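Heads up: the sequence shown at position 10 corresponds to 9 in numbering that gives the first Met the number 0, and the numbers run straight through without jumps.
Note that CB positions come from ideal geometry on N, CA and C, so glycine has one too.
Computed from a prediction, not measured in an experiment: that's the story for all the values here.
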Amino acid sequence: MTDFPKRITLSRHSGQTMDFEIRRCAESDLKDILDLQLKVYDDLCDPGLYALVGEEDIHESLLEDYCFGTYHDDRLIAFTMMIANRISHRNYGTYVGYPEERQKHCVSLEISLVDRDYRGFGLQRLFVSLREEIAKAHGAKEALVTIAPGNDYSLHNLLNSGYQIMDTRPLYEGAVRHILSKQL
Ligand SMILES: CC(C)(COP(=O)(O)OP(=O)(O)OC[C@H]1O[C@@H](n2cnc3c(N)ncnc32)[C@H](O)[C@@H]1OP(=O)(O)O)[C@@H](O)C(=O)NCCC(=O)NCCS
Numbered sequence: 000m001t002d003f004p005k006r007i008t009l010s011r012h013s014g015q016t017m018d019f020e021i022r023r024c025a026e027s028d029l030k031d032i033l034d035l036q037l038k039v040y041d042d043l044c045d046p047g048l049y050a051l052v053g054e055e056d057i058h059e060s061l062l063e064d065y066c067f068g069t070y071h072d073d074r075l076i077a078f079t080m081m082i083a084n085r086i087s088h089r090n091y092g093t094y095v096g097y098p099e100e101r102q103k104h105c106v107s108l109e110i111s112l113v114d115r116d117y118r119g120f121g122l123q124r125l126f127v128s129l130r131e132e133i134a135k136a137h138g139a140k141e142a143l144v145t146i147a148p149g150n151d152y153s154l155h156n157l158l159n160s161g162y163q164i165m166d167t168r169p170l171y172e173g174a175v176r177h178i179l180s181k182q183l
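Structure representation (structure tokens):
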């Protein structure tokens with residue numbers, strides 16, 4: 000399995016390349032993660048496309064789940080989080096009525112954020128494959144993710160990564176979401 004921190008060089012379609020480091024995040028990174036989330040959220044043309052994840056949930060996930068940051072020149076420029084295949088109201092298996100036995104094999108891909116200045120390097124798809132690798136190593140058999148209809152960049156990346164829409168319905172305080180799934 001991948002060791003962290005991991006150094007990578009990525010390219011844009013334009014041919015521009017940049018060096019990054021992917022690190023597993025710790026409790027001490029909470030403020031930087033919240034700042035990045037707010038920056039990306041404030042920058043969205045339609046705030047309905049992304050539901051802010053609360054500080055308590057991110058804090059819990061830093062302790063119990065899998066959180067990774069991408070750093071450029073030692074600055075957090077992208078972040079991703081996956082809820083482990085554990086029994087919790089945050090396991091997306093609860094959204095689709097999976098019994099607990101199935102939830103134990105189900106991870107939830109909860110956040111992917113890329114600072115606007117660093118988009119186009121394929122970081123979201125990289126985050127998807129990174130989390131799938133970790134999920135499989137921890138016995139997960141299925142990954143679930145939710146996406147706002149209209150979040151075309153994110154939907155495109157998840158469909159291209161092999162995810163399929165299994166349902167579309169109101170979820171977060173009534174906001175409609177696609178629920179996508181992939182067998183791992
Ligand atoms: C979704 C997101 C993570 C994708 O970032 P990414 O991995 O860097 O995107 P990609 O590398 O797949 O980008 C492909 C192309 O789409 C463009 N693009 C990606 N996201 C874009 C956005 N939100 N607005 C405009 N263009 C965007 C890229 O610049 C790139 O353009 P190019 O082909 O001309 O170079 C990023 O847009 C984002 O942080 N969005 C806000 C938060 C969000 O919705 N997260 C997903 C739900 S958790």
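ask   = Buried or exposed: R11, going by 16 or more other Cβ atoms within 10 Å of its Cβ?
value = Burial check for R11: the Cβ neighbour count within 10 Å stays below 16, so the residue is exposed.
ask   = In this structure, does DSSP put F126 in helix, strand or coil?
value = Helix at F126.
message = Does the contact criterion of 3 or more C-beta pairs under 8 angstroms hold for the segment 51-64 versus the segment 78-87?
response = Flag = yes, the segment 51-64 and the segment 78-87 touch.
request  = Would you kindly work out how many angstroms separate the C-alpha atoms of H104 and L183, rounded to a whole number?
outcome  = A direct Cα-to-Cα measurement between H104 and L183 gives close to 10 angstroms.
request  = Please go through the same chain and pick out, in chain order, the residues whose beta-carbon is closer than 6 angstroms to the beta-carbon of R89, but skip the five residues on each side of it.
outcome  = Apart from sequence neighbours up to five positions away, the residues of its chain that approach R89 with a beta-carbon distance below 6 angstroms are I82, ordered along the chain.
inquiry  = For a test of your reading of the model: does the CB of Y171 fall under 7 angstroms from any non-hydrogen atom of ligand 1? Yes or no.
reply    = Not so, every heavy atom of ligand 1 lies at least 7 angstroms from the Cβ.
task = State the beta-bridge partners of Q163 as determined by DSSP.
result = S180, per the DSSP bridge assignment.
query = By DSSP, does G68 sit in helix, in strand, or in coil?
reply = Assigned with DSSP and collapsed to three states, G68 falls in strand.
inquiry  = Going by DSSP in three states, D56 sits in which element: helix, strand or coil?
reply    = Look at D56 here: in three-state DSSP terms it is helix.
C-beta atoms of R124 and N159 nearer than 8 angstroms = It is a contact, given that the beta carbons lie within the stated cut-off.
message = Just to confirm my understanding: we take G234, look at its own chain, exclude 5 residues before and 5 after, and list those with CB closer than 6 angstroms. What are they?
response = Residue 234 falls outside the range modelled here, since the chain spans only 0 to 183, and no answer is possible.
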